[in-house]
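Numbering (this note's numbering), first residue to last: 963 to 1147.
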């Protein structure tokens, strides 16, 4: 287990499941007993999304690599050019973290459902990405109205138990583009 406080608000690489190819780059901004929330940045140094993943799946955190040094320079440049958060998604952070009585996952699900935002999940035992809108939320499960992120084709609703959720992404640049295209159909 990692001392998450040590990495709070530091640009870091977070690796999951002992897989050197499965990592996120960004800033750890919150954590609870089950999930860690990270403000991710892309390889060009621009804000990407808010990503939740199970804390117990973290196998390595690096905050001093040469790659991160490059990303820091890209972040600096993207902020100077005004493209770091061109969609102004980063400002949603205050809303995400305001309900301290709920878990990070519950808070993120509630906000995504209330705002009718496109989200993406991965589930335990399954590496597939599930894009869609949360049509129902209750104490034990959510109902996802899935869409294909390329063809925008709709699929039959699926119920997902909270305990099955491995990762949950919201307020992302890619999600905003897909959402726009889907709602423009």
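Cβ coordinates follow ideal geometry from the N, Cα and C atoms, glycine included. As the structure is a computational prediction, the values presented were derived from the model and not from experiment.
Going by DSSP, which residues form a beta bridge with residue i?
i	result
residue 1016	997
residue 1011	1002
residue 1109	1116
residue 990	970 and 1000
Does DSSP classify residue i as helix, strand or coil?
i	result
residue 966	helix
residue 1123	strand
residue 976	strand
residue 1144	helix
residue 1025	coil
residue 1077	coil
Alpha carbon to alpha carbon, what distance is there between residue j and residue i?
i	j	result
residue 1000	residue 987	8 Å
residue 1084	residue 1071	14 Å
residue 1086	residue 1128	6 Å
residue 981	residue 997	18 Å
residue 979	residue 963	13 Å
residue 1122	residue 1091	13 Å
residue 1147	residue 1077	19 Å
residue 1019	residue 1126	14 Å
residue 1050	residue 968	28 Å
residue 1073	residue 1027	34 Å
residue 1094	residue 989	25 Å
With distances taken from CA atoms, which of the options is nearest residue i?
i	options	result
residue 994	1089, 1120, 1104 and 1064	1064
residue 1012	1066, 1118, 1110 and 1113	1066
residue 975	1093, 1005 and 1025	1025
residue 1023	984, 1100 and 1105	984
residue 1046	1116, 1080, 1021 and 1008	1008
Counting only beta-carbon separations shorter than 9 Å, does residue i have a partner in chain B?
i	result
residue 1116	You won't find chain B in this structure, because it holds only one protein chain.
Using 8 Å as the threshold, is the region 1029-1049 in touch with the region 1107-1121, meaning 3 or more CB pairs across them?
no
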